[in-house]
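Using our numbering, read the sequence shown as starting at 4 and increasing by one per residue.
We put the CB at the ideal spot given by N, CA and C, even for glycine.
Okay, so here's the structure we're looking at.
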Amino acid sequence: MSSLAPPALGQASSRAGGGSVIRVEDLGKTYGGQVEAVKGVSFEVAAGEIFGFLGPNGAGKTTTVSMLTTLLRPTRGRATVAGLDVATQAARVRREIGLVFQDSTADGELTGRENLTLAGGLFGMTPAECRGPIEMLLSRMDLADAGDRRVKGYSGGMKRRLELAVAMVHTPKILFLDEPTIGLDPQGRAGFWRYIQELRREQQVTIFMTTHYLDEVENLCDRIAIIDHGRIIATGTNDALKENVGGDVVELRVPDRARDLTEPLRSVPGVREVLREANLYTVKCARAEGLVSSLVMACDGAGVTPEGITVRRPSIDRVFLELTGKAYREEGYDDGRAAQASAFGGRRGAKN
Ligand SMILES: Nc1ncnc2c1ncn2[C@@H]1O[C@H](COP(=O)(O)OP(=O)(O)OP(=O)(O)O)[C@@H](O)[C@H]1O
Ligand SMILES: [Mg+2]
Numbered sequence: 004m005s006s007l008a009p010p011a012l013g014q015a016s017s018r019a020g021g022g023s024v025i026r027v028e029d030l031g032k033t034y035g036g037q038v039e040a041v042k043g044v045s046f047e048v049a050a051g052e053i054f055g056f057l058g059p060n061g062a063g064k065t066t067t068v069s070m071l072t073t074l075l076r077p078t079r080g081r082a083t084v085a086g087l088d089v090a091t092q093a094a095r096v097r098r099e100i101g102l103v104f105q106d107s108t109a110d111g112e113l114t115g116r117e118n119l120t121l122a123g124g125l126f127g128m129t130p131a132e133c134r135g136p137i138e139m140l141l142s143r144m145d146l147a148d149a150g151d152r153r154v155k156g157y158s159g160g161m162k163r164r165l166e167l168a169v170a171m172v173h174t175p176k177i178l179f180l181d182e183p184t185i186g187l188d189p190q191g192r193a194g195f196w197r198y199i200q201e202l203r204r205e206q207q208v209t210i211f212m213t214t215h216y217l218d219e220v221e222n223l224c225d226r227i228a229i230i231d232h233g234r235i236i237a238t239g240t241n242d243a244l245k246e247n248v249g250g251d252v253v254e255l256r257v258p259d260r261a262r263d264l265t266e267p268l269r270s271v272p273g274v275r276e277v278l279r280e281a282n283l284y285t286v287k288c289a290r291a292e293g294l295v296s297s298l299v300m301a302c303d304g305a306g307v308t309p310e311g312i313t314v315r316r317p318s319i320d321r322v323f324l325e326l327t328g329k330a331y332r333e334e335g336y337d338d339g340r341a342a343q344a345s346a347f348g349g350r351r352g353a354k355n
């Protein structure tokens with residue numbers, strides 16, 4: 004294989020504290036001296052982590068990915084990928100990474116197998132060297148039967164899976180995905196993300212992905228950075244971000260004419276606030292896990308048996324709303340670019 008990440012990266016796991024493989028410090032890009040697309044962002048991505056970069060249209064996601072993958076030169080700050088400086092060691096960075104770009108890059112006139120051989124060649128791999136990885140990738144991406152068909156006849160989902168295979172042909176340990184599920188239906192998206200999770204689990208690949216789909220960051224990402232208007236407005240795990248905006252809510256419905264439970268509920272450790280409206284109590288806390296049984300016991304202790312209990316976690320949408328004062332709405336999956344444009348088009352000018 005022509006390029007392998009340094010051994011330390013391959014063996015590392017974020018959860019085991021494998022260290023950062025992407026370090027970004029005050030990174031920025033001003034296009035043509037006028038459009039300040041990225042205004043000095045800083046974050047780190049640990050080895051083996053799936054890191055989500057979430058933001059609406061025009062937020063600066065592709066610009067950031069382009070700088071980290073050496074396609075664009077930063078106009079401010081600095082970034083290292085696999086310990087290599089993206090501005091001064093670009094050629095070496097490129098050998099360490101795989102990239103699935105927002106727009107499709109496969110050649111429709113070539114077959115899947117030919118596209119993969121071509122990609123391997125760009126990394127100095129001979130056709131013989133490519134053969135093993137290509138067969139493995141085609142099989143892994145459910146494209147084994149389609150490998151000798153021209154790509155222009157592939158479905159959208161097949162094309163996206165091929166893009167992922169192309170990005171992985173030189174076995175990089177760091178994968179950049181710029182809105183890789185644009186244009187896929189929900190089933191296609193679920194399948195694509197299954198492959199990503201397998202790559203991480205089986206090969207400890209570190210994944211940096213941009214998306215404007217809230218469910219992708221909720222279900223897939225270990226940590227998230229939210230970018231808006233070129234600035235990172237929050238970074239953390241899903242849970243940490245949600246706790247920061249008020250945490251969980253437990254609703255307890257008790258029988259009519261039950262005695263007042265405000266004080267017994269308030270005395271349960273971990274409870275932040277108790278609100279009562281008729282026979283419905285709203286209990287606010289950082290995390291509801293582990294607290295529900297204590298709340299039920301507090302009710303029992305007061306001689307009241309709850310009739311219903313509901314736990315609500317805030318959504319990432321709520322996090323975005325709290326931080327920016329505006330909702331982060333999503334619309335439709337079917338038509339990639341149109342959906343992307345319509346989802347945020349009306350909001351771009353709402354701020355500043
Ligand atoms: N080549 C360019 N020249 C001038 N301005 C640009 C260029 N590329 C992007 N921009 C501007 O930079 C800002 C950030 O664009 P970018 O493509 O990074 O956003 P994005 O978050 O990837 O958006 P999307 O969700 O639409 O892909 C936008 O205002 C965009 O118009
Ligand atoms: Mg983009």
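8 angstroms Cβ cutoff met for residue i and residue j
i      : j      : result
LEU140 : LEU119 : yes
ARG203 : PRO183 : no
GLU123 : HIS173 : Before going on, a small fix: residue 123 reads as Gly here, not Glu. Yes; because the gap between Cβ atoms is below 8 angstroms, this pair is in contact.
VAL366 : VAL299 : Because the chain spans 4 through 355 in this model, residue 366 falls outside it and cannot be assessed.
MET144 : LEU113 : no
THR265 : ARG279 : yes
GLU90  : PRO77  : The sequence shown places Ala at residue 90, not Glu. A contact, by the Cβ cut-off of 8 angstroms.
GLU362 : THR313 : The requested residue 362 is not part of the displayed model; the chain covers only 4 to 355.
LEU57  : VAL41  : no
SER297 : VAL271 : yes
VAL307 : CYS288 : no
GLY150 : GLY115 : yes
VAL24  : ILE235 : no
VAL248 : GLU325 : yes
LYS32  : THR213 : no
GLU310 : PRO258 : yes
ILE199 : GLN105 : no
ASP231 : THR129 : no
VAL27  : PHE46  : yes
VAL96  : THR73  : yes
ARG153 : GLY111 : yes
ASP88  : ARG79  : no
ALA170 : LEU146 : no
Residue i Cβ short of 7 angstroms to ligand 3 heavy atom set
i      : result
ASP231 : You won't find ligand 3 in this model; what it holds is ligand 1 and ligand 2.
Boundaries (first-last residue) of the beta strand (DSSP E) holding residue i
i      : result
ALA40  : 38-49
ALA168 : Run containing ALA168: none in the beta strand (DSSP E); it sits in the alpha helix (DSSP H), 159-171.
ASP320 : Per DSSP, ASP320 belongs to no beta strand (DSSP E); it is in the alpha helix (DSSP H), 319-327.
ILE100 : 100-103
ARG116 : Note, ARG116: premise wrong, no beta strand (DSSP E); alpha helix (DSSP H) at 115-125.
GLY80  : 79-84
GLY311 : 311-315
TYR284 : 283-288
GLU254 : 251-256
LEU264 : Note, LEU264: premise wrong, no beta strand (DSSP E); not H, not E.
LEU74  : Here LEU74 belongs to no beta strand (DSSP E), and DSSP marks it neither H nor E.
Bridge-paired residues (DSSP) for residue i
i      : result
VAL271 : Looking at the DSSP assignment, VAL271 forms no beta bridge with any residue, so it has no partner.
SER23  : ALA49
TYR34  : VAL38
GLU221 : Answer is none; GLU221 lacks a bridge partner.
GLY55  : MET212 and ILE227
Buried versus exposed, by CB contacts within 10 Å (16 or more), residue i
i      : result
SER158 : exposed
ASN241 : buried
VAL38  : exposed
GLU52  : buried
THR209 : buried
LEU12  : The predicted position of LEU12 is uncertain, since its pLDDT is 28 and thus under 50; a value taken from the coordinates is nonetheless stated next. Result: buried.
PRO317 : buried
GLU99  : buried
TYR216 : buried
LEU125 : exposed
LYS245 : buried
TYR284 : buried
GLU334 : Confidence at GLU334 is low in this model, with a pLDDT of 41, below 50, so its placement is unreliable and no value can be given for it.
TYR34  : exposed
ALA49  : buried
GLY127 : exposed
PRO175 : buried
ASP148 : exposed
ASP263 : exposed
Residue interval of the alpha helix (DSSP H) (run including residue i)
i      : result
LEU140 : 130-143
ARG203 : 189-206
THR66  : 64-71
LYS245 : 241-247
ASP303 : 295-304
Residue-level contact to chain E via CB, residue i, 8 angstroms cutoff
i      : result
PRO175 : Structure shown: chain E not included; a single protein chain is present.
- Query: Who's in the neighbourhood of ligand 1, going by beta-carbon under 5 angstroms from any heavy atom, listed in chain order?
  - Reply: Every residue passing the under-5 angstroms Cβ criterion appears here: TYR34, VAL38, ALA40, ASN60, GLY61, ALA62, GLY63, LYS64, THR65 and THR66.
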